[in-house]
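Read through the structure below, which is laid out as structure tokens, and then see the notes.
Number of protein chains: 2
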Amino acid sequence: MKKKKWLSRAFGVAAAACMTVSGFSVYAEEAVVYDSMNPPIVEVEGGKLRGFMNENTYSFLGIQYATAERFGQPQPVEPWEGVKDAQVYGAVCPTNKMTEVSSDEFVWPHRYYPSNETCQYLNIWTQHLDETAKKPVMVFLHGGAFSNGASNETVAYDGKNLSEFGDVVVVTLNHRLNVLGCLNLSEYGEEYENSGNTGMADIVAALEWIQDNIEQFGGDPGNVTIFGQSGGSGKVVTLMHMPEAEGLFHKAIAESSGTASVLLEEESLKITELTLENLGLDESEVDQLKEIPYEDLLEAADAALATVKEEVGRNISWRPLQDNEYVMEEYCDFAAEIPFIAGTNFSERSSTVFIGDGRKNEWSEEETYANLTEMYGENADEIIEEFNRLFPEKKTADAYFYAPSYRNNVRSALENKIESATAPVYNYLFAFEAPVNGGVTPFHCAELIYVFHNVELPELTIATGGTQECLDMQDVVAQAWVNFAYTGDPSQEGLEWKPYSEVENGTMVFDVNSQFKVLDDQKMVDLMTAK
Amino acid sequence: MKKKKWLSRAFGVAAAACMTVSGFSVYAEEAVVYDSMNPPIVEVEGGKLRGFMNENTYSFLGIQYATAERFGQPQPVEPWEGVKDAQVYGAVCPTNKMTEVSSDEFVWPHRYYPSNETCQYLNIWTQHLDETAKKPVMVFLHGGAFSNGASNETVAYDGKNLSEFGDVVVVTLNHRLNVLGCLNLSEYGEEYENSGNTGMADIVAALEWIQDNIEQFGGDPGNVTIFGQSGGSGKVVTLMHMPEAEGLFHKAIAESSGTASVLLEEESLKITELTLENLGLDESEVDQLKEIPYEDLLEAADAALATVKEEVGRNISWRPLQDNEYVMEEYCDFAAEIPFIAGTNFSERSSTVFIGDGRKNEWSEEETYANLTEMYGENADEIIEEFNRLFPEKKTADAYFYAPSYRNNVRSALENKIESATAPVYNYLFAFEAPVNGGVTPFHCAELIYVFHNVELPELTIATGGTQECLDMQDVVAQAWVNFAYTGDPSQEGLEWKPYSEVENGTMVFDVNSQFKVLDDQKMVDLMTAK
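Protein sequences appear in the order of chains H and S.
Each residue of the first sequence is one higher than the last, beginning at 3 in the numbering used here.
Each residue of the second sequence is one higher than the last, beginning at 3 in the numbering used here.
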């Protein structure tokens, strides 16, 4: 992979090596002329878009890929005259109002942003604007279950550095969520057809937009990799259960979850019924749902969801609707040919990972043993033995932070995928502890900082510690993702991955010294989940 | 002023020059050891706080300086055991919900953030943690009228670079705003005393906290400069009308406004009366105002404000209450000894400044004339003549973007301040056009990017163009602010400022070639405001 290098930046200490004239920064190595006065313009379906340069990366933010009425299916955007600005992120889908700063804000800095029901926007970062470049396209689906989140929800989701590092076209996108993306009104009239899946339909519309327009941004519509984390991972897997998504992507990565979390038809209809009831509306008044303020709609629907959750005894939340028409119960046939990576992080739980401040790494042997015994009772001894066998390079204290249930989930996801697969399936564990605040174990989301090669962003330098180890880690992780996008094989020099079908429990363990190994942690996971 | 230089950063191209070990980045020139594993801890009134290092700047964010009930006066924070984290910004004061991305987002990138009525937080950036350092303290009061905004509302408000550039202690803060900061309930019971000024009382509490604690952060409580822009500038001037603020600051800078915008007692009481009426409450039910949801309270109070505005025929908004007790009509005596800078930007209006895209700078002589004639009618000829006399280095087209009324306002603010002043009073005009998107004239807020020396932040490199001219501009502007904070005189080598009282219309014009000159633009301003 070509890694572009900057001899200098337009600013800072290195600026002396960089000739600048008004509006132009001229970089030595590749003689790229960055002309801030005349930002790049690209013509897409509908009209022209004006992006901007971020160093030598062409950046186009907030491109509207569809429009939709509340509960309606996505429609093409009206063509426009002149040049439309695509220089800032578009509005995000409404969710619950935030009144508290997120508890993980320091290690996982957010970008809170204005929300609007018109939220069908995508963002593109690329190194080329010519149609012949045909670089791999990497489309990121954000997390936040199917309830919240956005393409720009966190600083880590900025696609510029990954595009530059891997010479790939990075796309991130917003779509409808929660009651706006999942409320199943299909029984109440034709106009509400597929309303239980408007969120997934938005994603399909974005992928179609990419098929039709990404060549202008140097992308190869024939080589699209979708990747997502947590809820985004669920979206990745769900797309492989959707006939309509056939041909829209060619490779898939599921980070920290690997299953298509869905609502069943009965559940979704019950939620709708109770939502109407909570709002004091009868069936004939269903159209009023389109007019009431979002906050009231969400409140009524969230309450309905909570009631149904209790009734069905299943841990449901806002999710796509498995109607066996738009979203199938089984993998679609086309999914068999999609190379697939699924993996988890060493510590997925947030409640235990932020204790930091040197405490974990300063635990005495006695403290470690006491903590593990408190958590795992009489299984502690065996867990310690297993843990030290599996992770000889880690401290025993780290066992306290291991995420057993996620490992179980991803294992079944991989096996489930293998059943129908002809293309290879790979597994990883991201186990790198950030050298900050006494050591921050790799929490749910942490790998994305490295996947997006974003350790250098100032907020993430702070969040990770920003040491050489962090820089090395992002090179290794991002290279795996990029190589997979290019070839379907995440291997790189010195780090070969074997398909999960060939090597049972074969796992790429990302850490200070990354290695592919047989991580047969089932016994330890069973001991940890026995309670 | 010592400007610290980094031979290298912990990341990026220059990383090779930087030795790193796990958790430590060792910088060559000053041998500062940045230990991300063990963040800095400082003891303040109440307990210990854990900050973090941003390169070699000690950073403490989200320090709670007070607590308050709704409409109540700020109270000291309860002491705490152990170490409290001060690593992320605190919640901001609630305002109207944002449903649209701000139209100036590209050139003025925001940080939208969770809001909470408990919003009394301040942030500190400093180069020293020893009590003997005694560096000047620069306290920034954010803009947004008295209705919105926050200490971290925009990327430009990050204090790290100004602290590093000037070796000063930078403080930014949140306080109560709008109905929460200004609703005058003082007639309804003792507990509501001074409720019309809770916003300003929060600021006073913050300044008191700084007096009591800033030494631990290397600051000199005897040398505090307050600076603010737009609404923040109003707060700066208002503080000089408040007996309680005596001794809490020693120098003042008012950017893009220079008057203490206030509500008069009669107006404020009428707003309260109508707010109760809008909520269907009578006088005896006033306590219910403490319980109702903020959104309902704001809606009722905003409607009341709008009604009173129409009645009094004065362009009022949420503002501190001039009760002639807490906030006086005239400058307090102590203000006479406060050195003062007040200035404006070349283009304060936002509606005309974002047309960009090379258009303005590509106008033909005919187009320029047509546009100026459309705006200024028969005065266009004389305006062009005056403009070319005053700004021979600018294009005639720039006259279209000049902000005449702000110049009038600041002139009277300066003259008003001079009346009572023994300390010098200075004036500036920020006239630097950012080389981006065809040329972005210096809009309302633009100077803050340069004041905070933040051109190097990635978002602001993009927003400004990030060229050498931008870097030079931030050096000149930030140096003036820093020198003023150190000595009360903003002059620097090659750029001497004269007090406004000594040189009529004497103005420091910040531009590619900054110069102090007599900017006798009154005739042009009169022509422009004649309509």
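Cβ atoms here follow ideal geometry from the backbone N, Cα and C, with glycine treated the same way.
Same chain, Cβ closer than 8 Å to H:N215, neighbours up to 5 away in sequence not counted: V46 and E47
Cβ-based contacts, 7 Å cut-off: residues of the region 101-124 of chain H near chain S: T101, E102, V103, E107, F108, Y114, Y115, P116, S117 and N118
Start and end residues, beta strand (DSSP E) containing S:A88: First-last for S:A88: undefined, no H or E at that position.
Through-space distance from H:E332 to H:D304, alpha-carbon basis: One C-alpha to the other measures close to 28 Å.
Same chain, Cβ closer than 6 Å to S:A33, neighbours up to 5 away in sequence not counted: Reliability fails at S:A33, whose pLDDT of 39 lies under 50, so the model's placement of it is uncertain and the value that follows must be treated cautiously. There are no such residues.
Assigned secondary structure, S:S117 (DSSP; H/G/I helix, E/B strand, else coil): strand
Proximity test, Cβ basis, 9 Å: H:P76 and chain S: no
Bounding residues of the beta strand (DSSP E) (the contiguous stretch that carries S:S61): T59 to Q66
Length of the line joining the Cα atoms of H:G490 and H:I205: When rounded, the distance between both Cα atoms is 22 Å.
Extent of the continuous beta strand (DSSP E) to which S:N515 belongs: Element bounds for S:N515: n/a, residue is neither H nor E.
contact_flag[the region 256-270 of chain H, the region 318-330 of chain H] where n(CB pairs < 8 Å) is 3 or more: yes
Amino acids of chain H, ordered along the chain, whose beta-carbon sits closer than 7 Å to that of S:V438: S38 and M39
Minimum length 4: unbroken alpha helix (DSSP H) runs contained in the region 358-420 of chain H: With a minimum length of 4 residues, the continuous alpha helix (DSSP H) runs that stay inside the region 358-420 of chain H are 361-364, 367-378 and 382-392.
Through-space distance from S:A262 to S:Q524, alpha-carbon basis: 23 Å
Any chain H beta carbon closer than 9 Å to S:P444: no
Selection from H:F403, H:G224 and H:S259 that minimises the alpha carbon distance to H:V239: H:S259
Beta carbon proximity, H:I464 to chain S, threshold 9 Å: H:I464 counts as touching chain S.
Chain H residues whose Cβ lies nearer than 7 Å to that of S:V90: V103, E107 and F108
Rounded distance between the beta-carbons of H:T101 and S:P295, thought under 8 Å: Not a contact, Cβ separation roughly 11 Å.
Contacts of H:L459 in chain S (Cβ-Cβ under 8 Å): Those are P460, listed as they occur along chain S.
Closer than 9 Å to chain H by CB, S:G64: Chain H contact via Cβ: present.
Span separating the alpha-carbon of S:S516 from that of H:Y36: Going by the C-alpha atoms only, they are around 26 Å apart.
Through-space distance from H:G234 to H:E506, alpha-carbon basis: 26 Å
CB of H:L276 within 9 Å of CB of H:D284, strictly: no
Beta carbon proximity, S:V54 to chain H, threshold 9 Å: The residue asked about is misnamed: residue 54 of chain S is Phe in this sequence, not Val. Yes, S:F54 lies at the interface with chain H (some Cβ there is under 9 Å from its Cβ).
Residue-level contact to chain S via CB, H:K99, 9 Å cutoff: Yes, its Cβ sits closer than 9 Å to a Cβ of chain S.
Chain-ordered neighbours of H:M221 on chain S, where CB pairs are closer than 7 Å: Residue identity check: residue 221 of chain H is Gly in the sequence provided, not Met. Chain S residues near H:G221: none, gap ~22 Å exceeds 7 Å.
Residues of its chain near S:G64, where Cβ-Cβ distance is below 6 Å and the 5 sequence neighbours each way are ignored: A88, V90, Y91, G92 and Y123
For S:Q75, three-class secondary structure by DSSP: coil
Proximity of S:N225 and S:V139 at Cβ, strictly below 9 Å: S:N225 is a Cβ neighbour of S:V139, given a cutoff of 9 Å.
S:K5 burial status per 10 Å Cβ neighbour count (16 or more: buried): Reliability of the predicted coordinates at S:K5 is poor, the pLDDT of 34 falling under 50, and no value is obtained from them.
Whole-angstrom distance between H:Q481 and H:L497, CA atom to CA atom: 10 Å
Contact list for S:P441 against chain H, beta-carbon separation under 7 Å: Contrary to the premise, residue 441 of chain S reads as Gly rather than Pro in this sequence. Chain H residues near S:G441: M39.
Beta-carbon neighbours of S:A158, restricted to chain H and to distances below 8 Å: None at all; the shortest Cβ gap to chain H is about 14 Å.
Distance, S:V171 Cα to S:M526 Cα: Pairing S:M526 with S:V171, the inter-Cα distance amounts to about 40 Å.
C-alpha gap between S:H455 and H:A254, whole angstroms: 43 Å
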